[in-house]
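Engineer: Right, I'll just put the structure down here and ask away after.
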Amino acid sequence: MIIKWLLIPTLIALVYLSLRSRASLRGQARRKILAVLTVVAGVLAVMFPSSTQWLADLVGVTRGSDLLFYVVALVLIYQVGSTGVRFREQETRIVGLARQVALAEAEARIGLRPAESDRGHPMAYRADGSREVQPDPAPAAGAPSDR
1 MIIKWLLIPT
11 LIALVYLSLR
21 SRASLRGQAR
31 RKILAVLTVV
41 AGVLAVMFPS
51 STQWLADLVG
61 VTRGSDLLFY
71 VVALVLIYQV
81 GSTGVRFREQ
91 ETRIVGLARQ
101 VALAEAEARI
111 GLRPAESDRG
121 HPMAYRADGS
131 REVQPDPAPA
141 AGAPSDR
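Per UniProt numbering, the very first residue in the sequence shown carries number 1; after that it's consecutive.
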């Protein structure tokens, strides 16, 4: 059956692609293309129902509805993997933001300021004798600001 030789590599490729990082522009383009292709295939299957049976016969599946089931299963597997990666990436970003907020609040409340360290460790802080918050030095001309 031809369908076995089509489904197995497609399944492996979709799982691999769905578990990759989502930050790249290539990944975003791939998701948009997959969405458009899914919509086009769905519209064509509704407009020309006999085409699904013809395609099923071509790849060795007994019914067109079985072929549609296989395709929907592949899209669902990709979607589940992709959503899991997106949630993990968002969770990592939220943890980083929560740490930044906690450090900023600690600076404001108890007068912590970044320690001057020759290693420049980003988490190195020390307590000031006073409770006043030291203003940040003005950025150099042409330097990007945080805002």
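Ideal Cβ placement from N, Cα and C applies to all residues, glycine included.
Helix, strand or coil: which one does DSSP assign to residue 165?
Structural biologist: Residue 165 is absent from the model: the chain starts at 1 and stops at 147.
Engineer: State the Cα-Cα distance for the pair G81 and V15, rounded to the nearest angstrom.
Structural biologist: Taking the first residue of the sequence shown as position 1, residue 81 is located at position 81. Taking the first residue of the sequence shown as position 1, residue 15 is located at position 15. Taking the straight line from one Cα to the other gives about 7 Å.
Engineer: Counting C-beta neighbours from all protein chains within 10 Å, is the total for L67 16 or more, i.e. buried, or is it exposed?
Structural biologist: Along the sequence shown, read from residue 1 onward, the residue named residue 67 stands at position 67. The residue in question, L67, is buried, as its Cβ has 16 or more Cβ neighbours within 10 Å.
Engineer: How far does the alpha helix (DSSP H) with L34 in it reach, from first residue to last?
Structural biologist: The sequence position of residue 34 within the sequence shown is 34, counting from 1. First-last of the alpha helix (DSSP H) with L34: 25 to 47.
Engineer: Determine the closest residue to L7 out of V43, V36, I77, M47, with distance taken between C-alpha atoms.
Structural biologist: Numbered from its first residue, the sequence shown carries residue 7 at position 7. Residue I77 is the option with its Cα nearest to L7.
Engineer: Compute the Euclidean distance between the alpha carbons of A108 and T83, then round it to the nearest angstrom.
Structural biologist: To locate residue 108, count along the sequence shown from 1; it is residue 108. To locate residue 83, count along the sequence shown from 1; it is residue 83. Each residue's Cα considered, the two are about 37 Å apart.
Engineer: Report the three-state DSSP secondary structure of T62 (helix, strand or coil).
Structural biologist: Taking the sequence shown and counting its residues from 1, one reaches residue 62 at position 62. In this structure, T62 counts as coil in the three-state DSSP scheme.
Engineer: Can you tell me where the alpha helix (DSSP H) holding L19 begins and where it ends?
Structural biologist: Taking the first residue of the sequence shown as 1, we reach residue 19 at position 19. First-last for L19: undefined, no H or E at that position.
Engineer: I'd like the list of long-range same chain contacts for F48, defined as Cβ closer than 6 Å, with 5 residues on each side in sequence excluded.
Structural biologist: The residue you call residue 48 lines up with position 48 of the sequence shown. Hits under 6 Å: none found.
Engineer: My output table needs one value for R93: the three-state DSSP class, helix, strand or coil.
Structural biologist: Here residue 93 refers to the residue found at position 93 when the sequence shown is read from its first residue. In this structure, R93 counts as helix in the three-state DSSP scheme.
Engineer: Would you identify the three-state DSSP class for Q134, choosing helix, strand or coil?
Structural biologist: Start at 1 with the first residue of the sequence shown, and residue 134 comes out as number 134. Summary for Q134: the model assigns pLDDT 49, below 50, so the residue's position carries little reliability, and this model does not support an answer.
Engineer: Give the secondary structure of G81 by DSSP, where H, G and I count as helix, E and B as strand, and everything else as coil.
Structural biologist: Counting from one through the sequence shown, the residue named residue 81 turns up at place 81. Of the three classes helix, strand and coil, the one that applies to G81 here is helix, per DSSP.
Engineer: Mind checking whether R26 and L17 have CB atoms under 8 Å apart?
Structural biologist: In the sequence shown, residue 26 corresponds to position 26, counting from 1. In the sequence shown, residue 17 corresponds to position 17, counting from 1. No.
Engineer: Mind checking T52: buried by the 16 CB within 10 Å criterion, or exposed?
Structural biologist: The residue labelled residue 52 in the question sits at position 52 within the sequence shown. So T52 counts as buried.
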